Amino acid sequence: MADWQSLDPEAAREAEKYENPIPSRELILQHLADRGSPASREQLVEEFGLTTEDQLEALRRRLRAMERDAQLIYTRRGTYAPVDKLDLILGRISGHRDGFGFLVPDDGSDDLFMSPAQMRLVFDGDRALARVSGLDRRGRREGVIVEVVSRAHESIVGRYFEEGGIGFVVADNPKIQQEVLVTPGRNANAKIGQFVEVKITHWPTPRFQPQGDVIEVVGNYMAPGMEIDVALRTYDIPHVWPEAVLKEAGKLKPEVEEKDKEKRIDLRDLPFVTIDGEDARDFDDAVFCEAKPGKLRLFGGGWKLYVAIADVSSYVKIGSALDAEAQVRGNSVYFPERVIPMLPEQLSNGLCSLNPKVDRLAMVCEMTISKSGEMTDYQFYEAVIHSKARLTYNKVSTMLEQPKTSEAKQLRGEYGDVLPHLKQLYALYKVLLGARHTRGAIDFETQETRIIFGSERKIAEIRPTTRNDAHKLIEECMLAANVATAEFLKKHEIPALYRVHDGPPPERLEKLRAFLGELGLSLHKGKDGPTPKDYQALLETIKDRPDYHLIQTVMLRSLSQAVYSADNQGHFGLNYEAYTHFTSPIRRYPDLLTHRAIRSVIHSKQDTPHVRRAGAMTIPKARIYPYDEATLEQLGEQCSMSERRADEATRDVVNWLKCEFMKDRVGESFPGVITAVTGFGLFVELTDIYVEGLVHVTALPGDYYHFDPVHHRLAGERTGRSFRLGDTVEVRVMRVDLDERKIDFEMAEKTINAPIGRKKRGVADVPASKAVEEPAPAKAGRRSSTKEKAVEAYRPSDAAAKNAEVRKSREMKRALLAEAKSGGKAASGGKSGKSAPARDSDRPAKPSKHRKGPPKAGSASGAKSGGARKPKAKS
């Protein structure tokens with residue numbers, strides 16, 4: 000195939016990139032498929048007719064890259080084969096706290112169950128190739144790991160312990176069950192019980208545990224602020240600024256330079272204001288509104304709404320260290336009383352923040368809105384503004400909603416120069432809110448809380464927050480700007496990231512309809528499925544029912560999670576055909592990308608009525624917005640991931656703090672509401688202090704309880720007593736386990752002694768074996784550490800099993816110590832019951848004395864695997 004160039008569909012691209020081109024990835028894959036069998040590198044060199052040293056080296060690098068990207072697999076016979084020809088499945092590993100896990104395929108097919116033995120080869124988040132080995136006892140596809148494509152973690156954070164002279168780290172991430180052995184002499188002088196970060200030097204194999212070196216002692220257990228330091232490392236949230244970023248940020252002036260204000264629309268005379276929370280420090284957005292004059296009331300009137308957004312794209316350039324770090328971070332992370340910003344503070348709190356009484360660069364969306372709330376026109380342009388006031392939600396709410404109070408009169412006097420425009424904003428808000436209801440956007444009522452700290456960063460109070468009209472006013476202004484932006488991107492056919500929210504998945508919709516049917520309610524029954532209007536209409540129908548919050552909760556849980564995607568599919572919840580994020584470029588990377596897309600039009604020669612140019616120079620699009628759809632899709636996945644990562648980390652920190660808050664309240668009773676019902680018990684949120692815990696099914700009043708998923712309840716078989724989502728109960732705090740982030744409740748006497756009604760009909764007849772399952776974690780559960788575990792009662796069988804595990808662990812630690820003393824000549828134990836990866840990545844084999852040593856209890860190293868825990872149902 001010496002004339003491979005004529006067959007290569009990407010020959011022109013390769014010739015443009017390389018002086019001495021070689022076959023493209025596409026041609027290599029096609030050739031291997033046509034060949035009918037795997038080929039070695041030498042065979043490919045001969046078959047493609049490659050001769051020069053440069054070509055041979057380039058092919059070697061390309062094959063390695065294709066192997067890294069899971070396009071090819073390197074077989075044990077030294078040949079390359081296309082992954083899709085070997086019936087292999089590529090995906091991401093999702094671990095479970097009970098030792099088993101799943102491979103989530105990239106192609107969207109059903110998850111592949113991974114046994115505890117297979118999970119000992121990988122960590123949560125790793126990308127791996129697997130093949131289907133059969134069906135497990137529950138009928139699910141079960142797989143075996145063929146090769147680990149990439150590792151999600153270079154290091155693990157957890158608590159350091161020693162046993163028999165051997166150090167090991169128990170991961171804080173509950174989805175990572177392997178203990179990491181610490182290389183002798185590499186513990187960084189960590190003390191037992193301290194949080195440490197351990198860098199993995201030897202990955203787990205079928206015979207050996209992972210091994211690593213402690214690279215940082217994070218701090219003492221229970222030290223103030225430790226919950227955030229641990230979460231940052233557990234969830235791999237970037238929080239240390241690289242030197243290159245600090246260097247670039249250090250070159251920025253503290254204030255806007257005069258030359259940067261040129262060739263922009265000057266709006267410094269308009270009374271813009273920012274409206275944020277009391278503790279906000281970065282101000283993305285400022286607003287101004289004025290009534291639009293019109294002589295004919297029928298056709299005139301309406302408003303001009305100006306939404307000015309910090310012009311981050313003028314400072315964060317493509318290809319800069321600032322941009323690279325912002326992309327990796329994806330978004331700012333807001334922990335209680337601590338922020339991990341996406342941009343350095345010189346930008347986020349300084350030069351980009353729309354602080355009051357200073358000039359700032361802004362990207363402005365100017366909108367014309369009719370008296371009926373319809374957006375009739377919009378324009379985007381680069382501007383310079385001068386915010387007249389830094390207002391808070393509470394101050395604005397007081398001035399607008401309680402104008403006759405003494406506080407309002409004082410505030411109105413203080414902010415008299417901007418008050419007329421605030422009144423116009425308030426009038427516009429009411430019109431936009433009416434348009435929102437007409438449109439049929441879903442409006443759920445949710446309760447948020449704020450943690451108030453006392454001394455030494457301990458929770459003093461958990462306070463509910465209320466959304467006043469000032470919150471909603473700003474929300475409607477931001478929604479309008481985001482919708483105008485999405486329309487702009489569509490109209491100008493610019494590839495971009497949209498905020499996509501799909502409708503309810505069919506299986507969730509089926510469960511919701513079954514639940515509603517039992518209550519005499521229904522959603523739209525047409526072939527096309529329910530619309531947002533149907534959801535909102537149902538919410539309006541049930542708003543006066545006593546079970547309103549119960550029904551709303553079930554409806555909310557039927558919906559999908561919003562994501563970022565280059566493929567615009569609309570936003571179901573807001574009922575928009577197109578929606579994007581434009582208003583927070585200081586703290587969200589997708590918004591920064593959107594600003595660059597708009598700038599690419601402003602600085603082009605394109606004739607459009609939707610931009611204004613004040614002499615803005617023409618700049619090639621590639622310098623401002625060099626993104627195609629494929630690149631944007633990858634960025635969308637990255638930004639969606641970083642958003643979920645931030646949510647999980649902040650939730651983990653809050654759960655940690657709540658456990659600290661409750662540990663001195665064990666034995667006390669509180670009223671609460673059942674917020675979730677599962678086969679293993681009830682989750683209850685305490686009414687006054689907004690803390691959630693688990694009432695395990697075994698802690699319910701004596702009976703066999705059947706889980707009824709349709710009615711979201713546990714029903715007693717003998718007594719007819721039932722516990723349902725939304726029920727009010729009285730619970731007692733039984734146990735608080737900070738290591739597991741778990742709070743256990745039991746029903747208090749007031750609930751136990753309450754009269755039992757007649758057994759309700761419709762309760763599914765579930766076998767008794769289903770009623771009392773093995774204990775499962777609370778929502779924020781964590782695996783207990785080996786040491787300092789909270790005391791709990793065991794049945795004799797539990798105690799025996801626990802003692803057996805401890806004995807096994809100690810035996811293996813002693814064996815490892817003995818091996819270390821003997822120079823690594825100890826025998827290796829029994830055979831593994833599962834197959835190994837096809838090849839151990841590209842890491843050369845390490846000396847066996849550093850790798851040998853029996854793994855922890857239940858691993859695949861021993862002759863028997865009886866120590867492994869049985870897999871439980873996927874939660």
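In terms of numbering that gives the first Met the number 0, the sequence shown opens at residue 0 and continues consecutively. Where a beta carbon is used, it is the ideal one built from N, C-alpha and C, also for glycine. Since we're looking at a predicted model, the values are computed, not measured.
Unbroken stretches of the beta strand (DSSP E), 3 residues or longer, contained in the segment 45-112: 71-73, 79-81, 88-94, 100-104
Assuming Cys658 is part of the alpha helix (DSSP H), what are its boundary residues? 628-661
How far does the beta strand (DSSP E) with Val156 in it extend, from its first residue to its last? 154-162
Please work out which residues of its chain come closer than 6 Å, Cβ to Cβ, to Arg263, disregarding the five sequence neighbours upstream and downstream, and give them in chain order. Glu381, Ala382, Val383, Ala613
So who's on the other strand from Tyr575, going by DSSP bridges? His570
Residue of Glu289, Phe744, Ser23, Glu684 minimising C-alpha distance to Ala426: Glu289
Quick check on this structure: which residue in Thr204, His201, Arg185 has the alpha carbon closest to the alpha carbon of Val195? Arg185
I'd like to know whether the C-beta atoms of Val306 and Met113 end up nearer to each other than 9 Å. no
Indicate whether Thr448 and Pro463 have their beta-carbon atoms separated by less than 9 Å. yes
Can Leu634 and Tyr563 be called in contact, C-beta distance under 9 Å? yes
Give me the residue from Arg337, Glu344, Glu257, Ile227 with the minimum Cα distance to Phe282. Glu344
Reduced DSSP category for Pro670 - H, G, I as helix; E, B as strand; rest coil: strand
Between the segment 429-441 and the segment 357-377, do three or more beta carbon pairs fall short of 8 Å? yes
From Val654 to Arg740, what distance separates their C-alpha atoms? One detail in the question is off: residue 654 reads as Asn in this sequence, not Val. Whole-angstrom Cα-Cα distance: 6 Å.
Identify whether Lys489 lies in helix, strand or coil by the three-state DSSP scheme. helix
Cβ neighbour criterion (16 or more within 10 Å) applied to Ala64: exposed
In three-state terms, what does DSSP make of Thr367? strand
Closest by C-alpha distance to Pro37, when choosing among Gly48, Tyr73, Thr51, Lys16: Tyr73
Going along the chain, which unbroken runs of the beta strand (DSSP E) with 3 or more residues stay wholly within the segment 266-318? 272-275, 284-290, 302-309
Of the residues Ala10, Ile618, Ala565, Val156, the one placed nearest Glu632, counting alpha carbons only: Ala565
Does the Cβ of Leu522 have 16 or more other Cβ atoms within 10 Å, making it buried, or fewer, making it exposed? buried
Determine the DSSP secondary structure at Met733, reduced to helix, strand or coil. strand
Sort out for me which residues DSSP pairs Met746 with in a bridge. Val730
Can you tell me whether DSSP reads Glu911 as helix, strand or coil? The chain is shown from 0 up to 874; residue 911 falls before or after that span and cannot be answered.
Within the segment 443-503, ranges of the beta strand (DSSP E) (whole runs, at least 3 residues): 447-452, 458-464, 497-499
Three-state secondary structure (DSSP) at Tyr333? strand
Between which residues of its own chain and Ala770 is the CB-CB distance below 6 Å, once the five residues before and five after are set aside? Low local confidence applies: a pLDDT of 35 at Ala770 is under 50, so the model's placement there is unreliable, with the coordinate-based value given in what follows. Here the set comprises Tyr703, Tyr704, His705.
For Thr686 and Arg720, the rounded distance between their alpha carbons: 22 Å
Please determine if the segment 48-62 and the segment 109-123 are in contact, where contact requires at least 3 C-beta pairs separated by less than 8 Å. no
If you draw a straight line from the alpha carbon of Tyr689 to that of Thr445, how long is it in whole angstroms? 13 Å
Can you round the beta-carbon distance between Met366 and Ala479 to whole angstroms, since I take them to be within the 8 Å contact cut? 6 Å
Take Ile214 and list the residues in its own chain whose beta-carbon comes closer than 6 Å to its own, dropping the five residues that flank it on each side. Glu196, Lys198
For the segment 614-629 against the segment 534-544, are there 3 or more C-beta pairs whose distance is under 8 Å? no
Host beta strand (DSSP E) of Leu31 (start-end): Premise fails: Leu31 lies in the alpha helix (DSSP H), 24-34, not in any beta strand (DSSP E).
Chain-order list of residues whose beta-carbon lies under 7 Å from that of His420 (same chain, five-residue window excluded): Pro270, Phe287, Cys288, Glu289
Could you have a look at Ile623 and say whether DSSP puts it in helix, strand or coil? helix
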